[in-house]
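Peer 1:
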Amino acid sequence: MLNKKQIRYCLDVMAEMFPDAKGELIHSNPFELVIAVLLSAQCTDKLVNKVTAHLFLKYKEPEDYLAVSLEELQQDIRSIGLYRTKAKNIQKLCKVLIDEYNGEVPRTKEELMTLAGVGRKTANVVASIAFGEPAIAVDTHVERVSKRLGICRWKDSVIEVEETLMRKVPREEWSVTHHRIIFFGRYHCKARNPNCLECPLLELCREGKKRVKNV
DNA sequence: CTCCCGATAT
DNA sequence: ATATCAGGAG
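Under full-length UniProt numbering, the first sequence is numbered contiguously, ending at residue 215.
1. Check Y59 in the structure and name its three-state DSSP category.
2. Report the three-state DSSP secondary structure of M113 (helix, strand or coil).
3. With 16 other CB atoms within 10 Å as the buried threshold, where does K86 fall?
4. Excluding five sequence neighbours on each side, which residues of the same chain lie with their C-beta closer than 8 Å to the C-beta of S79?
5. Quick check on the burial criterion: 16 or more other C-beta atoms within 10 angstroms. Buried or exposed for L197?
6. Report yes if the CB atom of residue 278 is closer than 9 Å to the CB atom of A116, and no otherwise.
7. Taking the C-alpha atoms as reference points, what is the distance between D20 and V13?
8. Flag this pair as yes or no: are the beta carbons of R148 and M1 separated by less than 9 Å?
9. Below 8 Å CB to CB, which residues in the same chain sit around C94 once its five sequence neighbours on both sides are set aside?
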């Protein structure tokens, strides 16, 4: 397991590699962000952006998603995986926004997580990006990178990964840190054949050293 | 734990 | 062909 200083070093290296790390889901308000993040489950954000480019022209407000049939909404997001579940969740979510929140997106993680299709990760992303609240959303990349490097244990749950990161990183850096780890995972420490031989963090990466040995 | 699920990279 | 993609709910 890496200590606090080693983790700090990892994050600094990531910052140097990806100085412009930030969210890549295209949106123009909190509501669009919620929809985009919900759609992004098990799907690349690139594809989400392709779909929302059309989607957001047709659907501006929660009412618009309820004005069409479930089947029509499914067709409009069809090229994204899990589209039946996501279409259903979007309509449920929009109804709650209208009935409970006056058509606005709630600001707290707790409220966000009560919405259909919005779990811990999505709530953290929305709270962080739309409302500037410090948060570390643990997605597939953050989990994989944290476990490979030894920031946390292999068997840790996503909540434990999140808690470890929040403990080891100062609060004001949570949001940038989150994005840096994502970029590092997405473009460098990839799920399939990560290029450990050219990794600046190889020396302190337990998984990297193990992989290099097996080549 | 399983299911939802199309697009894309390898 | 198959693993993986800004996961969440039952």
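Glycine is no exception: its CB is placed at the ideal position from the N, C-alpha and C atoms.
Peer 2: In short:
1. The residue labelled residue 59 in the question sits at position 59 within the first sequence. Residue state, collapsed to three classes: coil.
2. To locate residue 113, count along the first sequence from 1; it is residue 113. In the structure shown, M113 sits in a helix (DSSP, three-state: H, G or I).
3. The sequence position of residue 86 within the first sequence is 86, counting from 1. That one is buried.
4. To locate residue 79, count along the first sequence from 1; it is residue 79. Correct list, in chain order: L47, K50 and V51.
5. Walking along the first sequence from the start, residue 197 turns up at place 197. With fewer than 16 neighbouring CB atoms inside 10 Å of its own CB, L197 falls in the exposed class.
6. Within the shown structure, residues of the chain are numbered from 1 to 215, placing residue 278 beyond reach of any answer.
7. If you number the first sequence from 1, residue 20 lands on position 20. If you number the first sequence from 1, residue 13 lands on position 13. Whole-angstrom Cα-Cα distance: 13 Å.
8. Stepping through the first sequence from its first residue, residue 148 is reached at position 148. Stepping through the first sequence from its first residue, residue 1 is reached at position 1. Cβ atoms of R148 and M1: not closer than 9 Å.
9. Counting from 1 along the first sequence, the entry for residue 94 is found at position 94. Excluding its 5 nearest sequence neighbours in each direction, C94 has C-beta neighbours in its own chain below 8 Å: P62, E63, Y65 and L66, listed in chain order.
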